[in-house]
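**Student:**
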Amino acid sequence: MKVENKATQQAPDTNDKKSSCNKSFPSLATCWGILLLIMVLRFYFSTVLEKRIANLTEETQMLKKKNKELEKEKKNLTEIIQQMTTPWIELNVSRAQWSIDAYCPKDKNNRKCNACQVGWLYVESSCYGVNDAQRAEWKTWEEAREDCRGKISDLAVVINEEEKKNVSERSWKYDGNKGYWIGLRVEDGIWKWLDGRNLTNSSWINQPPSDGHCAISVQNEGFKSVRCDEKNAWICKKKALSV
Ligand SMILES: *[C@@H]1O[C@H](CO)[C@@H](O)[C@H](O)[C@H]1NC(C)=O
Ligand SMILES: *[C@@H]1O[C@H](CO)[C@@H](O)[C@H](O)[C@H]1NC(C)=O
Ligand SMILES: *[C@@H]1O[C@H](CO)[C@@H](O)[C@H](O)[C@H]1NC(C)=O
Ligand SMILES: *[C@@H]1O[C@H](CO)[C@@H](O)[C@H](O)[C@H]1NC(C)=O
Ligand SMILES: *[C@@H]1O[C@H](CO)[C@@H](O)[C@H](O)[C@H]1NC(C)=O
Ligand SMILES: *[C@@H]1O[C@H](CO)[C@@H](O)[C@H](O)[C@H]1NC(C)=O
53 MKVENKATQQ APDTNDKKSS CNKSFPSLAT CWGILLLIMV LRFYFSTVLE KRIANLTEET
113 QMLKKKNKEL EKEKKNLTEI IQQMTTPWIE LNVSRAQWSI DAYCPKDKNN RKCNACQVGW
173 LYVESSCYGV NDAQRAEWKT WEEAREDCRG KISDLAVVIN EEEKKNVSER SWKYDGNKGY
233 WIGLRVEDGI WKWLDGRNLT NSSWINQPPS DGHCAISVQN EGFKSVRCDE KNAWICKKKA
293 LSV
């Protein structure tokens, strides 16, 4: 009897896994439990999904809002660019007017264009501004350079032997170490031109480079080394206009 009982008790257990809900009490509870679990899971997932959908919708709306803001900003920037371009055109026109008046001065309703402005010397596609001002107006090398820059030029940089001779001829001899500043000075212990080139021909200036020294051009004597804070006349140079 006992043996048979064991067998009948085990049989429904294995049967339950396969078949649907049965009459016996424990298996019925398991079945409802599973159903409940499924329902809870469904509820859980549906709420989570709903939340995510709501979040995504919110995110989409936020992106749309951001997009609108960016478009507004783009419009704003476009406007600013347009506002900035207008003075540019005006500046260009006033610059062009200045250039025309400087290089093509009016003479009885006629304009004649020159390669250099009035007061500048035209030699080989360059304009030289020889500033032989009164002694009281002489400047240090730095001040002279400032003056040249204000005239949209720089202190004269000499390219070759012939130009050196020409520049030297246009300078005049004054008592001792007086002459015209040019764009040559000592930098990091070597003679350097303002255009960045080194002075390659050491016989162009007899003195060795010494700190705080700049070069002057003296008539018939070539270049000389003097202290940069001395006062001298000066020669500016700029490209000539091609007319
Ligand atoms: C909803 O999105 C925000 C970012 O916008 C994120 O921080 C949050 O964790 C998200 N929530 C859910 C439930 O995904
Ligand atoms: C647009 O530009 C004005 C000034 O021109 C500024 O006050 C405003 O904040 C700008 N708006 C945006 C969205 O950048
Ligand atoms: C103004 O002149 C500069 C060159 O100096 C040029 O690059 C620029 O395009 C000009 N601007 C206008 C608006 O004509
Ligand atoms: C030097 O001056 C002469 C005469 O003014 C001129 O013909 C020559 O082109 C000039 N050369 C240089 C390099 O400036
Ligand atoms: C100038 O000379 C210095 C030192 O002799 C050298 O280091 C430098 O490369 C030279 N610069 C140029 C542009 O030739
Ligand atoms: C260096 O300059 C001197 C004097 O101006 C000149 O006679 C000589 O030919 C020049 N040397 C070189 C290599 O250019």
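Each residue of the sequence shown is one higher than the one before, starting from 53 at the first, in the working numbering. All C-beta atoms in this analysis are idealised placements derived from N, C-alpha and C, irrespective of residue type, glycine included. Just so we're clear, the structure is a prediction, and the values are computed from it rather than from any experiment.
So Trp193 is in the alpha helix (DSSP H); what residue range does that whole segment cover?
**Tutor:** Trp193 to Gly202
**Student:** Taking the C-alpha atoms as reference points, what is the distance between Glu125 and Ser151?
**Tutor:** 39 angstroms
**Student:** What residue does the beta strand (DSSP E) around Trp222 start on, and which one ends it?
**Tutor:** A small fix is needed here, since residue 222 is Arg in this sequence, not Trp. Segment Glu213 to Arg222 is the alpha helix (DSSP H) holding Arg222; no beta strand (DSSP E) there.
**Student:** Is Arg18 near ligand 5, in the sense that its beta carbon is under 7 angstroms from a heavy atom of that ligand?
**Tutor:** Beyond the ends of the chain as shown, which are 53 and 295, falls residue 18; an answer cannot be given.
**Student:** Check each residue's C-beta against every heavy atom of ligand 6 and list, in chain order, those closer than 5 angstroms.
**Tutor:** Asn253 and Ser255
**Student:** When the Cβ atoms of the region 279 to 290 are set against those of the region 196 to 215, are three or more pairs found closer than 8 angstroms?
**Tutor:** Flag = yes, the region 279 to 290 and the region 196 to 215 touch.
**Student:** Pick helix, strand or coil for Ser296, following the three-state DSSP scheme.
**Tutor:** Beyond the ends of the chain as shown, which are 53 and 295, falls residue 296; an answer cannot be given.
**Student:** Compute the Euclidean distance between the alpha carbons of Arg279 and Lys230, then round it to the nearest angstrom.
**Tutor:** 11 angstroms
**Student:** Quick one: does the C-beta of Gly248 sit closer than 7 angstroms to a heavy atom of ligand 5?
**Tutor:** Yes; taking the cut-off as 7 angstroms, the Cβ of Gly248 has a heavy atom of ligand 5 nearer than that.
**Student:** My understanding is that Thr192 touches Asp281, with C-beta atoms under 8 angstroms, so please give their C-beta distance in whole angstroms.
**Tutor:** Right, the Cβ-Cβ distance comes to about 5 angstroms (below 8 angstroms), so this counts as a contact.
**Student:** If Val270 and Asn166 are in contact, beta carbons under 8 angstroms, what's the gap, nearest whole angstrom?
**Tutor:** Wrong, their Cβ atoms sit about 29 angstroms apart, outside the cutoff.
**Student:** Identify whether Trp84 lies in helix, strand or coil by the three-state DSSP scheme.
**Tutor:** helix
**Student:** At the level of alpha carbons, what is the spacing between Thr252 and Ser205?
**Tutor:** 23 angstroms
**Student:** Which residues bound the beta strand (DSSP E) around Trp243?
**Tutor:** Ile242 to Trp245
**Student:** Apart from the five residues on each side of it in sequence, which residues of its chain come closer than 6 angstroms, Cβ to Cβ, to Gly274?
**Tutor:** Ser220
**Student:** Under 8 angstroms, do Ser255 and His265 count as touching if we go by C-beta distance?
**Tutor:** Contact flag unset, no.
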